[in-house]
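Trainee: Residue numbers (the numbering used here): 1254 to 1933.
Have a look at this one before I ask anything.
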Amino acid sequence: MALHLKDEWENFVVEQLRGPYMKEFGNLKTDGERYKFCKYILRNNTVAQEIISQIQKLLSTRSQQKAKSAGNGQEYLHVGEEHLRRRDFKKAVICLSLAIQQVLLSRSDNQTALSNQHNDLCDLTSSDSTEDTSRSDGQPNLAALYTQRAEVLYQAQEYKACLNDIQEVISLQHPQALSGKLVNLQKFCQRKLSSSQHLIHGEDTSQNIPTVTGGQHSKIANGSSLIEISCTASQGRFLKASDDIRAGDTLISEAPYAAVLLPENALTHCECCMKTLIAPFPTLDRNCALLSEFLQDVLIKKEELPTRPTNCDDCTRNRLCQVNEQPHGQFKQNYIFQNLQSLFPTDTSPSSLGGDVVGCLLFHHSQQMACNVHAITAIVSTNGDKPRQQVVSREQKRIGSAIYPTASLLNHACDPDVIVSFVDGHLVVRATHNISKGSEISHCYGPHVSRMGYEDRQKLLYKQYFFTCQCTACKSDEEMENKRLCFSAFACPQCKHAMRLSSVASGNIGTCQNRECNLEKNMLDECRLAREAELLFVKGVRLLERVGVKEALDVFHECLRRRKTLLHAYNKDLAETHDAIARCYAMIGDFKKACYYCSYSCEAVEKAFGSSSVEYAHELHKLSQLLFNDRQIKKALSTIDKATNLLTRHYGRSNPDVKELSEMKRCLVSVGGYARNNSS
């Protein structure tokens, strides 16, 4: 939606909330009454009618423009070549995939029904063998595009995907017509795969989806027999343990009822199965561009399709695909407005449901979404166009949103009993500690006691979920606050214990929490020095990104020197500095020093989140890699065991990090000659 229309609509709504309608609206009892009340205002307010008319015109114009702009594959090809020159293989593959789609779209525009697209695709592929590398309609040759994408995939070390593209070329041409270069490429890939099967990217992760512990529940879909549904007047429905549950038990393993990608991930993830796109297969649907190679193989094996899927409807039960190419952050508004538009019909086409019924359902649905949608997340690399760097940075990223009915039965606790992870779009709930029979099973909705203070947690939960949290962590908040204090505290200049700050007219007064010290001091100078140290850290990060490691190291060391004199030993900023220095040393291959500094940040994370937390598990994984590269066999084996146990508890044995740690341990034992019982 155009920004000015969005602003106009929001201003109109705000004005109505300030007007005389609000009191009357507040007295309405049902969603049906509320919907009809809003519809009456919209139909009898000239300002609202004008905005709705503009929105209808805008959506209609966009739809017409999209239908006319099949585009030219040559444009995507040129952009892809630019990315290839910069060795950004991931973006180059996406551009080539879009170029392939444009070629297919340009040839299918004369079709009138999607049901005929499969037959048309077969006709197209059979005619490609006699074409030149450039076509009369300005589109590049399909076989040439697949050939070029195969070459890029080989450079990106995606050997399995490369072989798939070579097979596509063979299906488009006679095998004898393959170039010598492509034949050699095929042999190289086969050789690489046969010698390093465990390094294949894009393997079938459907085998990694766990089954629930204790067997499937007879009445709770996707739930374990270890859980049961309970209900009280104060809490509503919730899940509790029907038997003793052990840490690591899988309690829920659930595919989404409905899911949608965030718009910014439309070119990097499959809209249907949420898998990361490596060499996606383009569809003939302009609204659902790219499908994962995993999904196309599954459908062919099931004989649901004779060849590759060409439309989102062919490949999944999920119907919440992108309605159109949406500007960032505008999917929700546009989706609702398109449905609102249908309630002001311009024709008399019959409908099985009346407008008021549909409107009430949409109104009820939009209210439910805020409290019942789960964020689908994944751990992704943040290295951008440098995926083969020696040191890889990772972060948790939101991929999409989905509805999981069984998981929605879990109530919130700021210190939860379970952890939620995802295998692509599939949600998995595991116990993080032992849960006794009859106890409620809680999940964290976002505000966690280890990351957020009491007041902030309460405000966020009430704003989005409309309840005041009364969990154990919130009831014993003083104890938790004291425990969390050191992670953001200054160090007492006398005894090095944590200083609690309080704002007064004369500045920030710090009080030492050590009862034997009880020093009080104006912390104005310390706050100023801490800000200067923060600027140094930011400077170091920029130098690391733009100049070089050695220049950044000098700045980080100065930042560390200053922060060590100011901050508590477990302050998160100090841990962040240790981690940055460890990263720098790892980048230049000095793994001994990298291990030294990483151990400090690891200790701080353990204190902050606990020795059984997933955050500590990730830090141990990082330290394991450094110890492995430094060939500190005994320490590495011990750390690997700790990391493996924790990661297995949180993510299961099929997690990629768990597999990597197991492979590292196998290598260390074989090289160092250390058996498990001698590794201490």
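Cβ atoms here follow ideal geometry from the backbone N, Cα and C, with glycine treated the same way.
What does the Cβ neighbour count give for Tyr1715, buried or exposed, with the cut at 16 atoms within 10 Å?
Mentor: Exposed is the call here.
Trainee: For a test of the three-state rule: what should DSSP assign to Phe1719, helix, strand or coil?
Mentor: Coil.
Trainee: From Ser1854 to Glu1872, what distance separates their C-alpha atoms?
Mentor: Near 8 angstroms, if we compare the C-alpha coordinates of Glu1872 and Ser1854.
Trainee: When you compare only the Cα positions, how much space is there between Asp1843 and Tyr1657?
Mentor: For Asp1843 and Tyr1657, the distance between alpha carbons rounds to 46 angstroms.
Trainee: Please confirm if the stretch 1462-1470 is in contact with the stretch 1429-1446, defined as three or more CB-CB distances below 8 angstroms between the two stretches.
Mentor: No, the stretch 1462-1470 does not touch the stretch 1429-1446.
Trainee: By Cβ distance, which residues of its chain are closer than 6 angstroms to Ser1478, with the 5 residues on each side in sequence left out?
Mentor: Taken in chain order, the residues that qualify are Gly1467, Gly1468, His1470.
Trainee: Expressed to the nearest angstrom, what Euclidean distance is found between the alpha-carbon atoms of Ala1857 and Arg1737?
Mentor: Approximately 12 angstroms between the Cα atoms of the pair.
Trainee: Could you compute how far the alpha carbon of Ile1480 sits from the alpha carbon of Lys1493?
Mentor: Rounded to the nearest angstrom, the two C-alpha atoms are 6 angstroms apart.
Trainee: Report all residues from its chain with a CB closer than 7 angstroms to the CB of Ala1631; omit the five preceding and five following residues, and keep chain order.
Mentor: If we look at Ala1631 and ignore the five residues flanking it on each side, its Cβ neighbours are Lys1650, Ile1652, Phe1675.
Trainee: Cα-Cα, which of Asn1824, Gln1620, Ile1531 is closest to Leu1416?
Mentor: When only C-alpha atoms are compared, the closest one is Ile1531.
Trainee: Taking buried to mean at least 16 other C-beta atoms within 10 Å of its own C-beta, is Asn1775 buried or exposed?
Mentor: Per the 10 Å Cβ criterion, exposed.
Trainee: Taking just the CA atoms, how far does Tyr1288 sit from Asn1625?
Mentor: Taking the straight line from one Cα to the other gives about 21 angstroms.
Trainee: Find out if the Cβ-Cβ distance for the pair Leu1879, Cys1851 is shorter than 9 angstroms.
Mentor: Yes; because the gap between Cβ atoms is below 9 angstroms, this pair is in contact.
Trainee: By the 10 Å Cβ neighbour count, where 16 or more other Cβ atoms means buried, how is Cys1920 classified, buried or exposed?
Mentor: With fewer than 16 Cβ atoms within 10 Å of its Cβ, Cys1920 is classed as exposed.
Trainee: What does the alpha-carbon distance come out to for the pair Thr1901 and Ser1864?
Mentor: The alpha-carbon atoms of Thr1901 and Ser1864 are separated by roughly 14 angstroms.
Trainee: Short check: CB of Val1405 to CB of Ala1474, under 9 angstroms?
Mentor: Cβ distance not < 9 angstroms, so Val1405 and Ala1474 don't count as in contact.
Trainee: Below 8 angstroms on the Cβ atoms is my guess for Phe1862 versus Ala1833; work out the distance and round it to an integer in Å.
Mentor: Contact doesn't hold; Cβ gap of about 19 angstroms is too wide.
Trainee: Note down, in chain order, each residue of its chain lying with its Cβ closer than 6 angstroms to the Cβ of Ser1755, except the 5 sequence neighbours on either side.
Mentor: Same-chain partners within the cutoff: Ile1762.
Trainee: Give me the Cα-Cα distance between Met1705 and Pro1533, rounded to the nearest whole angstrom.
Mentor: Between Met1705 and Pro1533, the C-alpha separation is close to 40 angstroms.
Trainee: Please determine, among Phe1743, Ala1889, Arg1339, the residue with the shortest C-alpha to C-alpha distance to Gln1408.
Mentor: The residue with the shortest Cα to Cα distance from Gln1408 is Arg1339.
Trainee: Measure the C-alpha to C-alpha separation of Val1266 and Tyr1698 and round it to an integer number of angstroms.
Mentor: Cα-Cα distance, rounded: 29 angstroms.
Trainee: Compare the beta carbon distance of Gln1269 and Ile1294 with 9 angstroms and say whether it is the shorter of the two.
Mentor: Contact flag set, yes.
Trainee: What are the boundary residues of the alpha helix (DSSP H) that Ser1448 is part of?
Mentor: Run containing Ser1448: 1433-1448, per the alpha helix (DSSP H) assignment.
Trainee: Could you name the residues that DSSP lists as bridge partners for Asp1477?
Mentor: The residue you asked about is not Asp; residue 1477 is Ser in the sequence shown. Answer by DSSP bridge pairing, in chain order: Gln1469.
Trainee: Report the residue from Gly1760, Glu1734, Cys1765 whose alpha carbon sits nearest the alpha carbon of Cys1748.
Mentor: Ranking the options by Cα distance to Cys1748, first place goes to Cys1765.
Trainee: Please report how far the alpha carbon of Ala1660 lies from the alpha carbon of Glu1829, in whole angstroms.
Mentor: Rounded to whole angstroms, Ala1660 to Glu1829 spans 34 angstroms at the Cα level.
Trainee: Going by the beta-carbon positions, is the gap between Ala1655 and Ala1870 smaller than 9 angstroms?
Mentor: Not a contact, by the Cβ cut-off of 9 angstroms.
Trainee: Please work out which residues of its chain come closer than 8 angstroms, Cβ to Cβ, to Cys1442, disregarding the five sequence neighbours upstream and downstream, and give them in chain order.
Mentor: Correct list, in chain order: Tyr1407, Tyr1412, Lys1413, Cys1415, Leu1416, Ile1419.
Trainee: By the DSSP assignment, the beta strand (DSSP E) with Ala1198 in it spans what residues?
Mentor: The first residue shown for the chain is 1254 and the last is 1933, placing residue 1198 beyond what the model contains.
Trainee: Quick one: Cα of Ala1623 to Cα of Tyr1718, how far?
Mentor: When rounded, the distance between both Cα atoms is 8 angstroms.
Trainee: Pick helix, strand or coil for Phe1265, following the three-state DSSP scheme.
Mentor: Phe1265: helix per DSSP, three-state reduction.
Trainee: According to DSSP, what are the bridge partners of Cys1484?
Mentor: According to DSSP, which records beta bridges pairwise, Cys1484 is partnered with Arg1490.
Trainee: Taking the alpha helix (DSSP H) that Asn1761 belongs to, which residues open and close that run?
Mentor: Unbroken run through Asn1761 is the beta strand (DSSP E), 1760-1765; no alpha helix (DSSP H).
Trainee: Measuring only the C-alpha atoms, how far is Arg1683 from Lys1846?
Mentor: If you take the alpha carbons of Arg1683 and Lys1846, they lie about 36 angstroms apart.
Trainee: Is DSSP giving Thr1521 helix, strand or coil here?
Mentor: Looking at Thr1521 - three-state DSSP - the assignment turns out to be coil, as it is neither helix nor strand.
Trainee: Leaving aside the five residues before and after Ala1783 along the sequence, list all residues of the same chain whose C-beta is less than 6 angstroms from its C-beta, in chain order.
Mentor: Cβ neighbours of Ala1783 beyond the five flanking positions: Leu1819.
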